[in-house]
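*Asks:* One structure, as structure tokens, below. Some questions next.
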Amino acid sequence: MATLQNIGDVIEKHSGHSRTVLNYCATTERLVDEAKRPGFSADRWEPLAELVDIDAFVRVGNFKEVMNWQDYASFLTNWASSSEWECSFKRITEHANVVFLELEERSKVGEFSNSVNSMSVYEFTESGKIARIDVYLQMALPSADMLASYEGVEITGDA
Numbered sequence: 005m006a007t008l009q010n011i012g013d014v015i016e017k018h019s020g021h022s023r024t025v026l027n028y029c030a031t032t033e034r035l036v037d038e039a040k041r042p043g044f045s046a047d048r049w050e051p052l053a054e055l056v057d058i059d060a061f062v063r064v065g066n067f068k069e070v071m072n073w074q075d076y077a078s079f080l081t082n083w084a085s086s087s088e089w090e091c092s093f094k095r096i097t098e099h100a101n102v103v104f105l106e107l108e109e110r111s112k113v114g115e116f117s118n119s120v121n122s123m124s125v126y127e128f129t130e131s132g133k134i135a136r137i138d139v140y141l142q143m144a145l146p147s148a149d150m151l152a153s154y155e156g157v158e159i160t161g162d163a
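Residue numbering for the sequence shown follows my numbering, starting at 5 and increasing by one per position.
So, in structure tokens, the structure goes:
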């Protein structure tokens, strides 16, 4: 069984695409905290945008929803402004242009809180930018309140 660690404690131990993915996670965690401040907007995700190929980017989420970078930045802004989120590192594996990251993620939206095991697959371009993220979760069935944050997101079976 993987030992849980803070992302910040493991970044320095990794290089290459693995380090980029860990920086992506640490930056996300920091920006989710900042999103509660007045004036936070989708533009504040620029530190993440620097790590991705924003023209080619695709994220396939927990419910097979497919988003480009602009949709994802908007989604992150809405989600982060009303959510608390933190994660613990389990394992990371890199092969060629793909990184597999396992986390334990904990979140709270209103009175609802949960903990999930996640596996995210990051695909990189030849220039070292993230082009795709596929998210897989192990979790208890979410409540209707939790699903409300996905209102307006198109869910297709073609991921």
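Cβ coordinates follow ideal geometry from the N, Cα and C atoms, glycine included. These numbers come from a predicted model, not from an experiment.
(1) How many Å lie between threonine 7 and alanine 39 at the Cα?
(2) Touching or not, the stretch 103 to 115 and the stretch 16 to 27, by the rule of three or more beta carbon pairs under 8 Å?
(3) Which same chain residues, not among the five before or five after phenylalanine 93, have their C-beta less than 6 Å away from its C-beta?
(4) For lysine 112, which option in Trp83, Glu130, Phe44, Asp75 has the closest C-alpha, if you only look at C-alpha atoms?
(5) Which first and last residues belong to the alpha helix (DSSP H) in which glutamine 74 is found?
(6) Quick one: does the C-beta of tyrosine 28 sit closer than 8 Å to a heavy atom of the ligand FMN?
(7) Helix or strand or just coil, what does DSSP make of histidine 18?
(8) Excluding the 5 residues preceding and the 5 following lysine 133 in the sequence, name in chain order all residues of the same chain whose CB lies nearer than 6 Å to its CB.
(9) State yes or no: is the C-beta of valine 139 within less than 9 Å of the C-beta of valine 64?
(10) When the Cα of leucine 35 is compared with those of Glu90, Lys17, Phe61, which residue comes out closest?
(11) Pick helix, strand or coil for methionine 47, following the three-state DSSP scheme.
(12) Taking C-alpha atoms, which residue in Ala152, Pro51, Arg110, Met71 lies nearest to leucine 141?
(13) For the beta strand (DSSP E) holding methionine 123, just list the boundary residues, first then last.
(14) Could you check the C-alpha separation between glutamate 88 and aspartate 149 for me, to the nearest Å?
(15) Can you tell me where the beta strand (DSSP E) with lysine 40 in it begins and where it stops?
(16) Can the beta-carbon of serine 117 be found less than 9 Å from the beta-carbon of glutamate 108?
*Replies:* A quick look at the data gives this:
(1) Locating residue 7 in the sequence shown gives position 3, counting from the first residue. Locating residue 39 in the sequence shown gives position 35, counting from the first residue. Pairing threonine 7 with alanine 39, the inter-Cα distance amounts to about 29 Å.
(2) Put simply, the stretch 103 to 115 touches the stretch 16 to 27. At least three CB pairs are less than 8 Å apart.
(3) For the purposes of this step, residue 93 is taken as the residue at position 89 of the sequence shown. Counting only Cβ-Cβ distances below 6 Å, and skipping sequence neighbours, we find Gln9, Ile11, Val14.
(4) Mapped onto the sequence shown, residue 112 falls at position 108. Checked all of Trp83, Glu130, Phe44, Asp75; the closest Cα to lysine 112 is Trp83.
(5) The residue you call residue 74 lines up with position 70 of the sequence shown. Element bounds for glutamine 74: 73 to 86.
(6) Of the ligands one can find in the structure shown there are none, so the ligand FMN has no counterpart to examine.
(7) Within the sequence shown, numbered from 1, the residue matching residue 18 stands at position 14. Look at histidine 18 here: in three-state DSSP terms it is coil, with no helix or strand label.
(8) Position 129 of the sequence shown, counted from the start, is the residue given in the question as residue 133. Only Val56, Asp57 meet the Cβ criterion.
(9) The count along the sequence shown starts at 1 and reaches residue 139 at position 135. The count along the sequence shown starts at 1 and reaches residue 64 at position 60. Yes, Cβ-Cβ distance for valine 139 and valine 64 is below 9 Å.
(10) Here the question's residue 35 lines up with position 31 in the sequence shown. Out of Glu90, Lys17, Phe61, the CA that lies nearest to the CA of leucine 35 is found in Glu90.
(11) Residue 47 sits at position 43 when you count from the first residue of the sequence shown. It is worth fixing the name first, because residue 47 is aspartate in this sequence and not methionine. Assignment of aspartate 47 by DSSP, reduced to helix, strand and coil, places it in the helix class.
(12) Position 137 of the sequence shown, counted from the first residue, corresponds to residue 141. Residue Arg110 is the option with its Cα nearest to leucine 141.
(13) Position 119 of the sequence shown holds residue 123. Start and end: 116 to 128.
(14) Along the sequence shown, read from residue 1 onward, the residue named residue 88 stands at position 84. Along the sequence shown, read from residue 1 onward, the residue named residue 149 stands at position 145. C-alpha separation (whole angstroms): 15 Å.
(15) As a working note, residue 40 is residue 36 in the sequence shown. Element bounds for lysine 40: n/a, residue is neither H nor E.
(16) In the sequence shown, counting from the first residue as 1, residue 117 sits at position 113. In the sequence shown, counting from the first residue as 1, residue 108 sits at position 104. Cβ distance not < 9 Å, so serine 117 and glutamate 108 don't count as in contact.
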